[in-house]
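Asks:
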Amino acid sequence: MSDTLVSNLLTTYANANLSAWDNLRVLLSECALQQCEARGFEVDCDDSRPHYWLQIEDCWLDCGRTNAYCAAIVPLTPNAVQGSRIISVQECAPLSAAQINLLCIQNAHFDHC
75 MSDTLVSNLL
85 TTYANANLSA
95 WDNLRVLLSE
105 CALQQCEARG
115 FEVDCDDSRP
125 HYWLQIEDCW
135 LDCGRTNAYC
145 AAIVPLTPNA
155 VQGSRIISVQ
165 ECAPLSAAQI
175 NLLCIQNAHF
185 DHC
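Residue numbering for the sequence shown is 75 to 187, as defined by this note's numbering.
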């Protein structure tokens, strides 16, 4: 199930252009809506800034640098995961499907203004 869910998430939010934090919030919320366990982390991955990562079973997604206001969601390789250090667990209140849609619509609107 996790591979299908990850594939669907990547397809659905590939062009959302959300901030790294919003990417993490949306993905955690989508997983909660799908009743799939997922965890969010702030991670030191030898970049200039920490990143937000999402873990769904053995799949890991990079939601972007913590200060990125527009970030892509990128699947991570096992080597990238092994070479990183978790700084902290990130938790947020799950968003409803309507809140996720509103967040994406608002972001698309302000992105073009």
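Beta carbons: idealized from backbone N, C-alpha and C, even for Gly.
Bear in mind the structure is a predicted one, so any value in this text is a computation, not a measurement.
When DSSP labels each residue in this structure, what does H186 get in the three-state scheme?
Replies: Legend: pLDDT at H186 = 44, less than 50; position of this residue unreliable, no value from coordinates given.
Asks: DSSP three-state label for Y126, please.
Replies: Of the three classes helix, strand and coil, the one that applies to Y126 here is strand, per DSSP.
Asks: Could you check which residue in C137, A171 and S158 has the C-alpha nearest to that of L92?
Replies: Of the candidates C137, A171 and S158, the one whose C-alpha sits nearest the C-alpha of L92 is C137.
Asks: Taking a contact to mean a Cβ-Cβ separation below 8 angstroms, would you say P124 touches D118 in this structure?
Replies: In this structure, D118 lies closer than 8 angstroms to P124 by Cβ.
Asks: Under a Cβ-count criterion, where at least 16 other Cβ atoms within 10 Å of its own Cβ denotes burial, should S162 be classed as buried or exposed?
Replies: Its Cβ having fewer than 16 others within 10 Å, S162 is exposed.
Asks: Can you tell which of G114, I130 and N181 has its C-alpha closest to the C-alpha of N82?
Replies: Among G114, I130 and N181, the Cα nearest to that of N82 is on I130.
Asks: Report the three-state DSSP secondary structure of E104 (helix, strand or coil).
Replies: E104 falls in the helix class under three-state DSSP.
Asks: Please classify D120 as buried or exposed, where buried requires at least 16 other C-beta atoms within 10 Å of its C-beta.
Replies: Exposed, by the Cβ-count rule.
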